Amino acid sequence: MTSWPDRKLFQTALLSGTVLLSMSVWFSASAVIPQLTEEWTLTAGQQAWMTMAVQLGFVAGALVGAIFNISDRIPATRLVGMSTLLGAVATALFAYGGTGTEGAIALRFVTGIAMAGVYPPGMQIMASWCREDRGLCIGVLVGALTLGSGLPHLLNGLAGGAGGIPPWQWVMGGTAVLAGVAALPAFTLMKMGPHVVRAASFNWRHALEGFTHPGARAANIGYFGHMWELYAMWAWAPILLLAAYDAAGWSPTSARLAAFGIFVVGAAACILAGFWADRVGRVRVTSLSLIVSGACCLVAGFLFHSPIALTLVCLVWGFAVIADSAQFSALVSEETNPAWTGTALQVQTSTGFLVTMVSLQLIPLLVDRIGFEWAFTFLALGPVVALLYRRHADTVTR
625 MTSWPDRKLF QTALLSGTVL LSMSVWFSAS AVIPQLTEEW TLTAGQQAWM
675 TMAVQLGFVA GALVGAIFNI SDRIPATRLV GMSTLLGAVA TALFAYGGTG
725 TEGAIALRFV TGIAMAGVYP PGMQIMASWC REDRGLCIGV LVGALTLGSG
775 LPHLLNGLAG GAGGIPPWQW VMGGTAVLAG VAALPAFTLM KMGPHVVRAA
825 SFNWRHALEG FTHPGARAAN IGYFGHMWEL YAMWAWAPIL LLAAYDAAGW
875 SPTSARLAAF GIFVVGAAAC ILAGFWADRV GRVRVTSLSL IVSGACCLVA
925 GFLFHSPIAL TLVCLVWGFA VIADSAQFSA LVSEETNPAW TGTALQVQTS
975 TGFLVTMVSL QLIPLLVDRI GFEWAFTFLA LGPVVALLYR RHADTVTR
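Okay, here's the thing in structure tokens:
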């Protein structure tokens, strides 16, 4: 009889839980931007860099890991444990190290590098446990990433404090503890499954593999449009909710819990979209997601003075904005040469996260100049560009 640590259900649940807790450090600084701005007098640019530094660190970590095949040199389970612990330490130093703004941004960069050692290797581990149901398993993992990214907003809402403003150190310290807890089972209990697939080596000669085939190119353009919107929405929609609730005289705690709701519905969307895509096709799922999320971009800011309507739109937006994510990667994997799928996906992910840095920087600058009402409409550019490439969908098999 197979012992419980060697069972698929246990291992996939353990991995998903580890990713969920470790990813809590990703938006830990973004969740406390209002507190940090008040204490450190942050500029709009510095506010954006609190999240952008994580994105840049993730890109750097992912590319270095791919080029040097780190996941082939270090067991993926150990790499996840080491990276989770690094993210916890960097976040704890941010909270209690007295580093100042510049040091804090540097620590956010380190956090991004750490997350590059959690998510991609986590996908490799999950794939080793799943074969026929790999789509569902990967959807669960992306859902865990989504829910984990929202945990700082939950902690922010539950922490409390004078005037409804929780001490930002408590929130960041809490996410550091969660990540630290996740590292322990990663080191001691996590195992690779029976369907181990050697990580594909990065090959510069095939770096453009995802752009030479029309179907893969359309999927990549769709993914970049999706990423233009996704992380800017995740970072700044909670700030929009907080400002709207404050203007209406509503509880800031309610705003933070509503922000967490964005990630809860997003986690559910990852799983449901995976089921749906297998039945009606990935192109239909991604197109519908882009239409709905793009519409939310256009109207969200104009609901600033109607917090109930704004909350409902943000929940719909939170569902649609992430539902298509895994499907774009699946389309690229299906439309490229199998020998170089790994390289194509690495280029897709890295380029997508670079795109997020532009929109993350853009939103706070636009809010300062034209207000919340119009600032979020610029995020609709991503879905619009992605949908314009929908005409290539007849070259896509799914």
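Numbering-wise, the sequence shown is residues 625 to 1022 according to our numbering. In this text, a Cβ means the ideal position worked out from N, Cα and C, and glycines have one as well. As the structure is a computational prediction, the values presented were derived from the model and not from experiment.
- Residue 660 and residue 666 have their C-alpha atoms spaced approximately 7 Å apart.
- Between residue 642 and residue 800, the C-beta spacing is not below 9 Å.
- At a cut-off of 4 residues, the continuous stretches assigned as alpha helix (DSSP H) that sit fully inside the segment 684-753 are 694-697, 700-720, 724-740, 743-753.
- Boundaries of the alpha helix (DSSP H) around residue 851: 838-871.
- Excluding its 5 nearest sequence neighbours in each direction, residue 989 has C-beta neighbours in its own chain below 6 Å: 668, listed in chain order.
- Counting C-beta atoms within 10 angstroms of its own C-beta, residue 853 has 16 or more neighbours from the protein chains shown and is therefore classed as buried.
- Here residue 637 is exposed, its C-beta having fewer than 16 other C-beta atoms within 10 Å.
- With respect to residue 886, residue 858 sits close: the two C-beta atoms are nearer than 9 Å.
- For the segment 936-1001, the continuous alpha helix (DSSP H) assignments of 4+ residues that do not extend past its boundaries occur at 949-959, 965-999, in sequence order.
- In the three-state reduction of the DSSP assignment, residue 666 falls in the coil class, being assigned neither a helical nor a strand state.
- Per DSSP, reduced to three states, the secondary structure at residue 929 is coil, with no helix or strand assignment.
- Distance check between residue 766 and each of 1006, 750, 779 places 750 closest, using alpha-carbon atoms only.
- Annotation: the continuous alpha helix (DSSP H) that includes residue 906 extends over 906-924.
- Residue environment: residue 904 is assigned as exposed (fewer than 16 neighbouring CB atoms within 10 Å of its CB, all protein chains considered).
- Counting along the chain, residue 797 sits inside the alpha helix (DSSP H) bounded by residues 792-812.
- The beta-carbon separation of residue 943 and residue 898, rounded to 14 Å, does not stay under the 8 Å limit for a contact.
- About 7 Å separates the CB atoms of residue 796 and residue 653; that is less than 8 Å, so the two are in contact.
- Put simply, the backbone Cα of residue 1002 is about 11 Å away from that of residue 919.
- Excluding sequence positions up to five before and after residue 772, its CB lies within less than 6 Å of the CB of 644, 647, 648, all in the same chain and listed in chain order.
- For residue 650 and residue 674, the gap between their C-alpha atoms comes out near 10 Å.
- The alpha-carbon separation between residue 884 and residue 937 amounts to approximately 14 Å.
- Taking 8 Å as the upper bound for CB-CB distance, residue 917 and residue 945 are in contact here, some 4 Å apart.
- The straight-line gap separating the alpha-carbon atoms of residue 839 and residue 846 is approximately 11 Å.
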